[in-house]
Amino acid sequence: MQRSRPTVKPSRPLASLTCLLAFAITACSGADGHSKREHESQTKNPDLTVLSEKSCLGIFDKKAVAEAERDHSVRRVTEPRAGDDVTYMVSLDMNKRMTTFKPSAGGPCAIRDESAKRNLFRVTVNWGPSTFPATDRRDGKTTSYSVRKTGDRKRVELLVDCQRPDLAEKSKNKKMLAFQVTLFDNVGLSDRTDIGILTKSAQRFTDLEDRLSCKNKVTYPAPDKVTLNTR
5 MQRSRPTVKP
15 SRPLASLTCL
25 LAFAITACSG
35 ADGHSKREHE
45 SQTKNPDLTV
55 LSEKSCLGIF
65 DKKAVAEAER
75 DHSVRRVTEP
85 RAGDDVTYMV
95 SLDMNKRMTT
105 FKPSAGGPCA
115 IRDESAKRNL
125 FRVTVNWGPS
135 TFPATDRRDG
145 KTTSYSVRKT
155 GDRKRVELLV
165 DCQRPDLAEK
175 SKNKKMLAFQ
185 VTLFDNVGLS
195 DRTDIGILTK
205 SAQRFTDLED
215 RLSCKNKVTY
225 PAPDKVTLNT
235 R
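Residues in the sequence shown are numbered from 5 upward in steps of one, following the working numbering.
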């Protein structure tokens, strides 16, 4: 007579362990899949990075980065010139003569979207073509901010009264042009943020190693103290 073998039921701890292992395997494979996608994306576009305070050599502060990410979903961007101090070469050229260059010649910063096809932010610098407003100079100001808006797109300009009579004397019409910084904001950041970006961009030329060799003292107001002139 054969004895029937009792059916052994798996214990609860064993069942729990099996579930835990299964969850771990699923989670790990999901993470690997995510990192694989990240790697593929980075391989396709090696200039893809996260927008941060280090972008374009520090022209974005914490508030600017937070606003771009929170209000406009701008996080991962393409920064072709990351790490290159183009301001040095541009300022050397600007110190030789006071002439208006093509915008592309003085472009120390350009940030695009993840696809690298659409410009999000672009900064250009130039001597003029404008002179510094006489009324602002009489009021003791060395900066003048203005904005032009077209929908979400904005062109914000900063004129700096960087006085270089020596360069003006060498120029064709002997007119002293203002140092002009232009921000093309295709995202629609707040005025305060745009002003901050312009100011930090200008300071890389006027404060860092005295690159433009302004003969006068240039002071920049705090972004929240600036009133933008609409053009």
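Beta carbons: idealized from backbone N, C-alpha and C, even for Gly. None of the values given here were measured: they were computed from a predicted structure.
Sorting S205, R168, T186 by C-alpha distance to the C-alpha of M180 places R168 at the top.
With contacts defined as CB atoms closer than 8 Å, F136 and L96 fail to qualify as a contacting pair. When DSSP reads this structure, D89 sits in no beta bridge, so it has no partner. Three or more beta-carbon pairs drawn from the segment 134-152 and the segment 193-202 are found closer than 8 Å, and the two stretches are therefore classed as touching. Nearest to P84 by C-alpha distance, out of A172, A114, I199, G155, is A114. The three-state secondary structure of R79, taken from DSSP, is coil. Excluding sequence positions up to five before and after Q207, its CB lies within less than 8 Å of the CB of Y224, all in the same chain and listed in chain order.
At the C-beta level, V230 and D189 stay beyond 8 Å of one another.
Across the structure, N49 and D117 are spaced so that their CA atoms are roughly 11 Å apart. Cβ-Cβ distances below 6 Å link K204 to I63 in the same chain, with the five nearest sequence neighbours on each side left out; the list follows chain order. Residue burial is scored here from C-beta neighbours: P227 has at least 16 other C-beta atoms within 10 angstroms and is therefore classed as buried. Straight across, the Cα-Cα distance linking S175 with V78 is about 42 Å.
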